[in-house]
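Below is one structure; the comments refer to it alone.
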Amino acid sequence: MASTVVEIHVPLRETPGLAATDYPFPWIDEIEEFLYDLELQGQIKVFDDGEQDGEVYVFFIAGADEETLLLAASLAVTRDRVPADAFAMITDDEAPEFGLGHRIDLPWAWSRV
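Numbering-wise, this note's numbering comes out as the position in the sequence shown, counting from 1, plus 1054.
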C-alpha cells in the first residue's frame, strides 16, 4: 500500500541582503534542519534528500497523515528568509517521479485541522 508523501516546492530565489561571498540560499539549510528536528521528535519522516528541480528546490516528507504533513510543510516555509510562493504536492511513495499529485498552496490553511 502506498504511503503519503508531501513534496515542498520552494522557488529557488537568492536571499536578499547577503554578502557576495555568502551562500545565496541559507533557507535551504534552515528548512532541512527544521524538518530533521521534526523527524527526531517522531512527528514526520524526511522521505528523501532535497534537490533542485529547475527553478524550485524540493523537500520530501512522509511518515504522518496528510494534515500533519501539510502543517509541517506550512511551518517550514514560513521560516525567516524562505521565498514566498511555495507550494506542496500531495503524492505517494510509489509515484514514478516527483511533481505529480494534488497541488496545495503554502502556507496551508491549517485551520482545517
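Cβ atoms here follow ideal geometry from the backbone N, Cα and C, with glycine treated the same way. On a predicted model such as this, the values are computed, not experimentally measured, just so you know.
Exercise for the section: Tell me whether S1165 sits in a helix, a strand or coil according to DSSP, three-state version. Expected result: With a pLDDT of only 47 at S1165, under 50, the local geometry of the prediction cannot be trusted, and no value is derived from it.
Exercise for the section: Would you tell me roughly how many angstroms separate the C-alpha atoms of E1105 and I1082, rounded to the nearest one? Expected result: Approximately 10 Å between the Cα atoms of the pair.
Exercise for the section: With a floor of 3 residues, list each beta strand (DSSP E) that falls wholly inside the stretch 1082-1163, ordered by position along the chain. Expected result: Along the stretch 1082-1163, the beta strand (DSSP E) occurs as fully enclosed runs of 3 or more residues at 1099-1107, 1110-1116, 1141-1146 and 1156-1159, listed in sequence order.
Exercise for the section: Using a threshold of 8 Å, state whether the C-beta atoms of I1062 and V1100 are closer than that. Expected result: No.
Problem - Backbone secondary structure at P1078 - three-state DSSP - result: P1078: coil per DSSP, three-state reduction.
Practice task
Say yes only if the C-beta of A1073 is nearer than 7 Å to one or more non-hydrogen atoms of the ligand NAP, and no if none qualify.
Solution key: In the structure shown, the ligand NAP is absent, as is every other ligand, since no ligand is present at all.
Problem - contact_flag[the stretch 1115-1131, the stretch 1058-1073] where n(CB pairs < 8 Å) is 3 or more - result: The answer is yes - the stretch 1058-1073 touches the stretch 1115-1131, with three or more Cβ pairs under 8 Å.
Handout entry: When E1084, E1086, I1085 and T1069 are compared against P1078, the one with the closest alpha-carbon
Key = Cα-wise, what sits closest to P1078 is T1069.
Practice task
Just the C-alpha distance for S1165 and P1150, rounded to the nearest angstrom, thanks.
Solution key: With a pLDDT of only 47 at S1165, under the threshold of 50, the placement of this residue in the model should not be trusted; the figure read from the coordinates follows. Going by the C-alpha atoms only, they are around 32 Å apart.
Exercise for the section: Kindly indicate the opening and closing residues of the beta strand (DSSP E) around T1069. Expected result: Unbroken run through T1069: none, as it is neither H nor E.
Practice task
Keeping to the same chain, check which residues put their C-beta closer than 6 Å to that of G1155; ignore five residues upstream and five downstream.
Solution key: Once the five neighbours on either side are set aside, the close Cβ partners of G1155 are M1143, I1144 and T1145.
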